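Chemist: One structure, pasted below without further comment.
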Amino acid sequence: MSDHLSALEPSLDAFSQGRLGLHELATQWREAARQHQPTLPARYLDVLDRVLSQLESSALFTEESCSFSQADMLSALRDWLHKARALGAH
Numbered sequence: 048m049s050d051h052l053s054a055l056e057p058s059l060d061a062f063s064q065g066r067l068g069l070h071e072l073a074t075q076w077r078e079a080a081r082q083h084q085p086t087l088p089a090r091y092l093d094v095l096d097r098v099l100s101q102l103e104s105s106a107l108f109t110e111e112s113c114s115f116s117q118a119d120m121l122s123a124l125r126d127w128l129h130k131a132r133a134l135g136a137h
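Letter 57 of the sequence shown, counting from 1, is numbered 104 in our numbering, and no numbers are missing.
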């Protein structure tokens, strides 16, 4: 087993505090999800990619002109992380 998900929660805090860029955040999350053992179900990878893509798109717009907020996307990532980690606990 190789838990690559444990390091992800601190990356959200680092991003929120401006210590980690969006590109680095997205790369870390995608790599960790791909490398995690046991392998995550494909639907988890699909959902993660969709949320990260929305987050990356939101960076191109101001908060007011974007249909979803970065805070909502970060919350969605936290939810995804908790559910993905729960898979390994069973």
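The C-beta atom is built at its ideal place from N, Cα and C for all residues, glycine as well.
All of these numbers come straight from a predicted model, not from anything done at the bench.
Between L128 and L72, is the Cβ-Cβ spacing less than 9 Å?
Modeler: Taking 9 Å as the Cβ cut-off, L128 and L72 do not qualify as a contacting pair.
Chemist: In this structure, does DSSP put S49 in helix, strand or coil?
Modeler: S49: strand per DSSP, three-state reduction.
Chemist: Between the Cα of A153 and those of L99, R132, L134, K130, spot the shortest distance and give me the residue it belongs to.
Modeler: Outside the displayed span of the chain (48 to 137) sits residue 153, for which this structure offers no information.
Chemist: Rounded to whole angstroms, what's the CA-CA distance from S105 to S116? Just pull it up for me.
Modeler: Taking the straight line from one Cα to the other gives about 7 Å.
Chemist: Would you list the one or two residues that DSSP bridges to Q84?
Modeler: According to DSSP, Q84 bridges with S49.
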